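Notes follow once the structure below has been shown.
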């Protein structure tokens, strides 16, 4: 991990799930460091201390209904609304990781809707972030990078993060807001470029949370809120 920077500043951690683990950006408003770890708890331990941990992952799940925070967030995303897919219901977490058919059948019978494969593949990581949120000494907040970039840009982004134009714009927005990702981020360099960029955007939102400047849906906040 690179240098942590000025310890007198309030550092925060932005996290995104990545292949093989988690990627994080620790930022104090000036200095930043990138990190990678196989587990979320390990990543947080590697960069400690921080004042806020913000993660691009659902934390609070509903038992049967859709999540209000997701329903409220999608209209804010414009062309990028499809990037916020529906999270699984809470009961799906009780099924083994290799039992997608069972979890999907349960969800259809108990909630009236199935679970997408995309959402199901996140279940192990959702368990990790829920465990961290239940035990961490500092706030653990759910963020969504596309909402972070919308706030930086002043409007929803038109191009997907997987396109060259979309990637270049996101890197430029981060740089314009004080987050200049290094060419060589150490072990974090093994992840997909959009995962590191998303972690950096979440770190920007985490800094806003720590300073009391963040926004969220629903506007009143609460455990089941998405912040930016």
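In our numbering, the protein residues as written are 126 to 353.
Heads up, the beta-carbon is just placed ideally off N, CA and C, and yes, glycines get one too.
Being a predicted model, the structure only gives us computed values, none of them experimental.
### Task
Would you mind sorting residue 236 into buried or exposed? The rule is 16 or more other CB atoms within 10 Å of its CB.
buried
#### Entry: CB of residue 253 within 9 Å of CB of residue 181, strictly
no
### Message
I'd like the span of the beta strand (DSSP E) that includes residue 158, first residue to last.
### Response
157-162
### Task
Using alpha carbons as the reference points, say which of 244, 192, 245, 229 lies closest to residue 238.
229
### Message
Please classify residue 217 as buried or exposed, where buried requires at least 16 other C-beta atoms within 10 Å of its C-beta.
### Response
buried
### Task
State the Cα-Cα distance for the pair residue 222 and residue 170, rounded to the nearest angstrom.
26 Å
### Query
Taking buried to mean at least 16 other C-beta atoms within 10 Å of its own C-beta, is residue 271 buried or exposed?
buried
#### Entry: Cβ-Cβ distance between residue 208 and residue 202 below 9 Å
yes
### Query
Whose C-beta lies closer than 7 Å to the C-beta of residue 318 among residues of the same chain, with five residues either side of it excluded?
292
### Query
CB-CB under 7 Å to residue 194, same chain, minus the five flanking residues each way: which ones, in chain order?
342, 343, 349, 350, 351
### Query
How would you write the range of the beta strand (DSSP E) that residue 153 sits in, first residue to last?
Here residue 153 belongs to no beta strand (DSSP E), and DSSP marks it neither H nor E.
### Query
Would you call the region 326-340 and the region 148-159 in contact, with 3 or more CB pairs under 8 Å?
yes
### Task
Leaving aside the five residues before and after residue 138 along the sequence, list all residues of the same chain whose C-beta is less than 6 Å from its C-beta, in chain order.
149, 151, 172, 175, 178
### Task
Alpha carbon to alpha carbon, how far is residue 294 from residue 265? Give it in angstroms, no decimals.
28 Å
### Query
Between residue 275 and residue 286, what straight-line distance do the alpha-carbon atoms span, to the nearest angstrom?
13 Å
### Task
Give me whichever residues DSSP pairs with residue 266 in a beta bridge.
179
### Query
With a CB to CB cut of under 6 Å and the five nearest residues on each side skipped, what residues in its chain are close to residue 316?
143, 148
### Query
What does a CB cutoff of less than 6 Å around residue 247 pick up in its chain, not counting 5 residues either side in sequence?
none
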